[in-house]
Amino acid sequence: MGKTFYIETFGCQMNVHDSEKVAGTLLRCGYESVEDPEQADLVLYNTCSIREKAAQKVFSRLKQFGKVREKGKLFGVLGCVAQQEGEKIFEAAPHVNLVVGSASYSNLSRLVARLEQGERRVSGLSLDTEETFETEFTRRDHPFRAYITIIEGCDKRCAYCVVPFTRGPERSRTSASVLEEARQLAGAGYTEIQLLGQNVNSYRDPSAARLSFAELLAGVAEIAGLRRVRFTTSHPRDFGRDIVKVIEAHPALCNHVHLPVQSGSTRVLHRMQREYSLEQYLERIEWIRNACRPISISTDIIVGFPGESGADFEETITLLDAVGYDSVFSFQYSPRPNTAALHLPDSIPDEEKALRLRILQDRQRSIQLGRYQSRVGSVEEVLVEGRSGRGDHRGDQWKGRTTQNIVLNFSALGAAAVAVQPGAYWLVRVTEAGPNSLIGEAVQGPALSSTVAAAQPVLKSPFRIL
Ligand code: 5AD
Ligand code: SF4
């Protein structure tokens, strides 16, 4: 075996997809991928620093990696902690040889070549870039869902958020390059595409075509073979009505919008520098709710931001009832380096943050249960993801996801038991509901079902699916 690498990823979908591109780059450089760090010549760790806990994990994991250290083995730290801590990582974890932030991935093959030539400490930490990471090769780790980055970095200055410091300024890809990648993926049999960016609504086509984000969505949704197109994350400030209109007009765009609110109090939103009020947020919710399709809404919420009073928190709880989210990702505020909120007075004690989080999650759980129960009896189309973890004597159990991004575990009996496969689309009748998922029975596998894992055609550059 030639040179080998192992990559472990922590963090958001952007990071997961960055790792796919990094893996593609290394394969291109003659490396082979292995599943075990002990067997790898190059061990990479792609990191997240969104909350303190995530960042702390990096150093304990690096210590563990240190144990498999042997002569000639190289270690690299990538991603947001790499960017944030920079060359300090070499001091804290002396076995690390490579520190690279996401804005420097387009240089990765050159940086790795320097390691191969014998340099012991190599870093790529510049944020001063106009470039996006367009790889010639991307290793796709999911057999039927593919990610496409449309915009990197973030120009917002949310007071709590480390991302502008770890991912640098906004850089959009040309619409032609995004559409070409989407076409190639469709040609390779992928049926679900997720367009990624820290703030997809800030997408600015740098080419003469000047497509807006909504036009780009329409373009991707019109590609033959694509059945589900999702996008994340939207910033409410830049979320325009044109996005709702384009969802209404294109069946391939999923019935789901993730619209992080962070707080239900305009006072807190102002302190967070979110650039919208509760009223403006609710206006966008109105647009979505008034659509001719049942668009599901999910959100992110931070509790215990400095200065958040009991009354502010109550407003967030009221918002949960007012919107009726199908999913909420909620977090205790965690102070992050370089951010404006570090200097805000009135920090909330940890116990109070934990209490607010519990209250919020309990409330959302009962809202969600009610919303999910109202779906019992309906027939939903799911994309089958694989076997379900639920052990059950009633027959084969499968896990699927609806267009609204809700997990639907279902049983397939009789002829269906042998026909269901990952990557296929099935109609499923919902028979029961829990607070986090639905349960149902397979009704029918549409003729158009497609499985992807099968032979993929070899594609020409610029994007090759390995
Ligand atoms: N503390 C807690 N949660 C945070 N998030 C971002 N920064 C912080 C922080 N400092 C949450 C936000 C964001 C999600 C990805 O993570 O809710 O939308
Ligand atoms: Fe974590 Fe944010 Fe970096 Fe994603 S962009 S890896 S969530 S810090």
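Everything in the sequence shown is counted per the numbering used here, starting at 104 for the first residue and increasing by one. Here a beta-carbon is modelled for each residue, glycine too, at the ideal position from N, C-alpha and C. Please read these numbers as outputs of a predicted model, since none were measured by experiment.
DSSP state of residue i mapped onto helix, strand, coil
i       : result
Glu-237 : coil
Leu-381 : helix
Thr-112 : strand
Tyr-148 : strand
Glu-535 : strand
Pro-158 : In the sequence on display, residue 158 carries Ala and not Pro. Reduced to three states, the DSSP call for Ala-158 is helix.
Gly-503 : strand
Ile-254 : strand
Glu-135 : strand
Phe-342 : coil
His-120 : helix
Ser-491 : coil
Thr-369 : helix
Leu-356 : strand
Arg-333 : strand
Thr-107 : strand
Leu-177 : strand
His-496 : Reliability of the predicted coordinates at His-496 is poor, the pLDDT of 49 falling under 50, and the value obtained from them is presented with this limitation in mind. In the structure shown, His-496 sits in coil (DSSP, three-state: anything other than H, G, I, E or B).
Gln-476 : helix
Leu-220 : Per the sequence presented here, residue 220 reads as Gln, with Leu not at that position. Reduced to three states, the DSSP call for Gln-220 is coil.
Gln-187 : helix
Residues that DSSP places opposite residue i in a beta bridge
i       : result
Ala-249 : Ile-296
Val-349 : Paired residue(s): none; Val-349 is not in a bridge.
Ile-542 : Asn-512 and Glu-535
Gly-182 : Thr-150
Glu-483 : Val-531
Ser-226 : Val-202
Gln-547 : Leu-530
Contact test: residue i Cβ vs the ligand 5AD heavy atom, cutoff 7 Å
i       : result
Phe-434 : yes
Ile-391 : no
Ser-437 : yes
Tyr-577 : Coverage of the chain is limited to positions 104 through 569, which leaves residue 577 absent and any answer about it impossible.
Ile-405 : yes
Gln-142 : no
Pro-363 : yes
Arg-154 : yes
Any non-hydrogen atom of the ligand NAD within 7 Å of residue i CB
i       : result
Thr-241 : The ligand NAD is not part of this structure, which contains only the ligand 5AD and the ligand SF4.
Whole beta strand (DSSP E) runs in the segment 396 to 446 with 3 or more residues, listed along the chain? 399 to 406 and 430 to 435
May I have a chain-ordered list of the alpha helix (DSSP H) segments no shorter than 4 residues that lie completely inside the segment 272 to 321? 278 to 290
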